[in-house]
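Visitor:
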DNA sequence: GCGGAAGTTTGCGCTGGCGCAACCCATCCC
DNA sequence: GGGATGGGTTGCGCCAGCGCAAACTTCCGC
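Chains as they are written, first to last, in my numbering: chain A, 7 to 241; chain B, 7 to 241.
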């Protein structure tokens, strides 16, 4: 079934250094699967039966604490791998993956991983780089949570979302999938109330425009400035 | 040079699945180097010329923000690799590594990495697992910073340090390297003042015993209980 | 078109823990 | 032994942002 447009997939950093032939062999082991909006791809604690490559849509990875709070770890964009627990030697998924938009992903059974890596060692190297850059992102997040105030963190989150999944629209850059105040709160370690207040403020200042689960950055540079250092820089 | 006691090194998860012969070949490319207490192994932003395996001592990895604040990312224990930026495709070190104790490490030049991986692909797989588990730790930290109060985070940090580098002493479990209030503050996203207050409180309650850069956990279970859920659970 | 559910906004009071400042104590070095 | 340096402790005032509560809006299913 995975007669996927391998032309597109071939461009991904994940598959850098593979011939068309090799790529085809790898893709042959995958099937592609649809995930309607708000459906779960997998759930934290599930047996890690598969790993994924997102083709269309957006997937949110979030962790639930023992006390039931949710924390959003990242949003996956098309072209990225996710659910790579098997490659890292984990037996269960450490987070829950939810499609926030109608999504399509390539799905490999976990059992395929050792086989593929044995045959194509560079796959491990590429995955290592992907995981490495995710580690850097996570470190950045720890640093932000340790040293920045809430407003600054929210600014950082929006800048990142816009860069990763921004779409140019009439009035600026729109975040290309439905995202609630609650989601942003769970990305920045605050409450939806505080996020709402902050966004209201920015909207009044003309920095953004927002409605239900939708945010447009009208003045990306100003948001960026807010992210870079809290006080002192507004004109 | 590195006629290191390969018997010891051979036990490490990093080198799982290697024959003595192969291991020797890998070790032959490394030299071992001493780092006296408080010396820097490498500095954030430095050209990533080498990667390391810690043999003795303890190394602190920390990041400095543009505004000059420091955040401690992790403490490296003997047997762990660190400074693996080259393997993740980074040109510069993303953090500063400081020996907090007199330390000894194996040092490979970055140039050796592609060569070694080409010859021993399983090296990439093992590194992927090491980096993967570090990613999990980092995620855990983000979750903690998002959902827990300071006291709980400090408790978590101590529990982790004790597990990772605890040494049994007369009165309990001692953290096996010099660590200041400031360090703990930079691990948990708070100030040394608040850490000092918390530790004072615990000391009065008999949970710990501490002095200059030294902490002994006398009642590990109680600290653990504090870490797991803030209010309601003490016997 | 009419509920109802889900997301958002806003007001208000309270508090965890930060910032500042002063002081104490141990270690090290001359 | 005396000064200096680098931790550590503690008191006090303040405020960012949380928690709670209530109202509003948009969307959706029936």
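Beta carbons: idealized from backbone N, C-alpha and C, even for Gly.
Let's see if you can read the secondary structure: which residues bound the beta strand (DSSP E) around residue 228 of chain A?
Guide: Not the beta strand (DSSP E): residue 228 of chain A falls in the alpha helix (DSSP H), residues 226 to 234.
Visitor: As an exercise, report each continuous alpha helix (DSSP H) stretch of at least 4 residues that is fully enclosed by the stretch 24 to 98 of chain B, in chain order.
Guide: For the stretch 24 to 98 of chain B, whole alpha helix (DSSP H) runs of length 4 or above, ordered along the chain, are 26 to 34.
Visitor: Counting only beta-carbon atoms, is residue 152 of chain A nearer than 8 angstroms to chain B?
Guide: yes
Visitor: Could you list which residues in chain A have their beta carbon closer than 7 angstroms to that of residue 131 of chain B, in chain order?
Guide: What residue 131 of chain B touches in chain A, judged by beta-carbon distance under 7 angstroms, is 123, 130, going in chain order.
Visitor: With 8 angstroms set as the bound, which would you pick, yes or no: does the beta-carbon of residue 240 of chain B sit closer than that to a beta-carbon of chain A?
Guide: Its pLDDT being 37, under 50, residue 240 of chain B is placed unreliably by the model, and the measurement read from it follows with that caveat. Not an interface residue.
Visitor: Could you check whether residue 64 of chain B and residue 165 of chain B sit closer than 8 angstroms to each other, using their CB atoms as the reference points?
Guide: no
Visitor: Straight-line CA distance for residue 61 of chain B to residue 206 of chain A?
Guide: Spanning the two alpha carbons is a distance of roughly 54 angstroms.
Visitor: Using 8 angstroms as the cut-off, can you tell me whether the stretch 21 to 31 of chain B makes contact with the stretch 86 to 105 of chain B, which would need three or more C-beta pairs spanning the two stretches below that distance?
Guide: no
Visitor: Here's the rule I'm using: 16 or more other beta-carbon atoms within 10 Å means buried, otherwise exposed. How should residue 89 of chain B be labelled?
Guide: buried
Visitor: Using only the alpha-carbon positions, how far apart do residue 159 of chain B and residue 77 of chain A sit?
Guide: Distance between the alpha carbons of residue 159 of chain B and residue 77 of chain A is about 16 angstroms.
Visitor: In this structure, what does DSSP give as the bridge partners for residue 175 of chain A?
Guide: A:178
Visitor: Once you ignore the five residues that flank residue 170 of chain A on each side, which residues in its own chain have a CB closer than 8 angstroms to its CB?
Guide: Answer for residue 170 of chain A: 81, 83, listed in chain order.
Visitor: Between the alpha carbons of residue 67 of chain B and residue 14 of chain A, how many angstroms are there, rounded?
Guide: 39 angstroms
Visitor: Is the shortest distance between the beta-carbon of residue 82 of chain B and the beta-carbons of chain A less than 8 angstroms?
Guide: no
Visitor: Within a Cβ cutoff of 6 angstroms, which residues of the same chain sit near residue 182 of chain A, ignoring the five residues on either side of it in sequence?
Guide: The answer, listed in chain order, is 171, 173.
Visitor: Given this structure, state the Cα-to-Cα distance separating residue 124 of chain A from residue 224 of chain B, to the nearest angstrom.
Guide: 48 angstroms
Visitor: When the Cα atoms are used, what is the spatial distance from residue 91 of chain A to residue 54 of chain A?
Guide: 7 angstroms
Visitor: The ligand SAH heavy atoms versus the CB of residue 113 of chain B: any closer than 7 angstroms?
Guide: Judged by which ligands are present, the structure shown has none, so any question about the ligand SAH falls away.
Visitor: Leaving aside the five residues before and after residue 69 of chain B along the sequence, list all residues of the same chain whose C-beta is less than 8 angstroms from its C-beta, in chain order.
Guide: 50, 76, 77, 79, 100, 101, 102
Visitor: Evaluate contact between the stretch 131 to 148 of chain A and the stretch 135 to 150 of chain B, counting only Cβ atoms and requiring at least three cross-stretch pairs below 8 angstroms.
Guide: yes
Visitor: Which of the residues in the stretch 35 to 64 of chain B, read from start to end, lie with their CB under 8 angstroms from any CB of chain A?
Guide: none
Visitor: Going along chain A in order, which residues have a C-beta closer than 9 angstroms to the C-beta of residue 88 of chain B?
Guide: Those do not exist, as residue 88 of chain B stays about 13 angstroms from chain A at its closest Cβ, beyond 9 angstroms.
Visitor: Give me the chain B residues within the contact set of residue 77 of chain A, using Cβ-Cβ distance strictly less than 8 angstroms, ordered along the chain.
Guide: 148, 149, 152, 153
Visitor: Work out the CA separation of residue 98 of chain B and residue 119 of chain A for me, nearest whole Å.
Guide: 30 angstroms
Visitor: Is it the case that the Cβ atoms of residue 5 of chain A and residue 85 of chain A are separated by a distance below 8 angstroms?
Guide: With chain A covering 7 to 241 only, the question about residue 5 of chain A has no answer from this structure.
Visitor: How many angstroms separate the CA atom of residue 201 of chain B from the CA atom of residue 210 of chain A?
Guide: 39 angstroms
Visitor: Residues of chain B with a CB under 7 angstroms from the CB of residue 166 of chain A: which are they?
Guide: Per Cβ cutoff of 7 angstroms: no residues; residue 166 of chain A is ~14 angstroms from chain B at best.
Visitor: Measure the C-alpha to C-alpha separation of residue 238 of chain A and residue 232 of chain A and round it to an integer number of angstroms.
Guide: In this prediction, residue 238 of chain A scores a pLDDT of 42, lower than 50, which makes its location untrustworthy; the coordinate-derived value is nonetheless stated afterwards. If you take the alpha carbons of residue 238 of chain A and residue 232 of chain A, they lie about 9 angstroms apart.
Visitor: Since residue 137 of chain B and residue 212 of chain A should fall inside the 8 angstroms C-beta cutoff, what is the C-beta to C-beta distance between them, to a whole number of angstroms?
Guide: Actually they do not touch by this definition, with Cβ atoms about 43 angstroms apart.
Visitor: Who does residue 103 of chain B pair with in a DSSP beta bridge?
Guide: B:48, B:67
Visitor: Would you say residue 138 of chain A faces chain B, with C-beta separation under 8 angstroms as the test?
Guide: yes
Visitor: Use the C-beta contact count for residue 180 of chain A: other C-beta atoms within 10 angstroms, 16 or more gives buried, fewer gives exposed.
Guide: buried
Visitor: Specify, as a first and last residue, the run of the beta strand (DSSP E) that residue 216 of chain A falls within.
Guide: 214 to 217
Visitor: Output, in chain order, the set of chain B residues within a Cβ distance shorter than 8 angstroms of residue 141 of chain A.
Guide: 94, 137, 140, 141, 144
Visitor: How would you call residue 132 of chain B, buried or exposed, if buried means at least 16 neighbouring beta carbons within 10 angstroms?
Guide: buried
Visitor: Any C-beta of chain B sitting closer than 8 angstroms to the C-beta of residue 235 of chain A?
Guide: Cβ-Cβ to chain B under 8 angstroms: yes for residue 235 of chain A.
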